[in-house]
Amino acid sequence: MADKLIFVVTCADEKPDKATIPFALGNSALAMDAEAVIILQSTGVFLGKKDYARHIHANGFPPLQQLMEIFREEGGKLYACEPCIRARNIGAEDLLEGIEIVSGPTLVDAYLEAKNVVVY
Numbered sequence: 008m009a010d011k012l013i014f015v016v017t018c019a020d021e022k023p024d025k026a027t028i029p030f031a032l033g034n035s036a037l038a039m040d041a042e043a044v045i046i047l048q049s050t051g052v053f054l055g056k057k058d059y060a061r062h063i064h065a066n067g068f069p070p071l072q073q074l075m076e077i078f079r080e081e082g083g084k085l086y087a088c089e090p091c092i093r094a095r096n097i098g099a100e101d102l103l104e105g106i107e108i109v110s111g112p113t114l115v116d117a118y119l120e121a122k123n124v125v126v127y
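Numbering (the numbering used here), first residue to last: 8 to 127.
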């Protein structure tokens, strides 16, 4: 994979379109043989909780849970901000399988390696 794209999700069910679009774009990036990383920050970390995304469906898009499953199956990387989950009392056991809990240095390294970073 030549290019690395990062999508930062900073919201959850309060803005279904902004929670969904990064996963739609991440899946497109993976289909184009680019590396895709989605970082959950702020209230976006709620998307990483088991069964949380099941009820989120933005108009014009497939259900978010379906997009998230495709993203993981196709090899997308999913990070959750460690201070953000701690601030919301979310434990590692509450998160979907495959989510990596990361903090500042890991995120900065990822941003520096990426061709583009997009924040939603």
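The beta carbon of each residue, even a glycine, is placed where N, CA and C say it ideally should be.
Around the C-beta of E100, fewer than 16 other C-beta atoms lie within 10 Å, and the residue is accordingly described as exposed.
For A65, same chain residues with a beta-carbon under 6 Å away, outside a window of 5 residues either side, are P23, D24 and T27 in chain order. When DSSP states are grouped into helix, strand and coil, N66 belongs to the coil group. In the structure shown, the three-state DSSP call for A26 is helix. DSSP places I106 in the coil class of the three-state scheme, outside both helix and strand. Cβ contact annotation for N123 (same chain, cutoff 6 Å, sequence separation greater than five): L12, in chain order.
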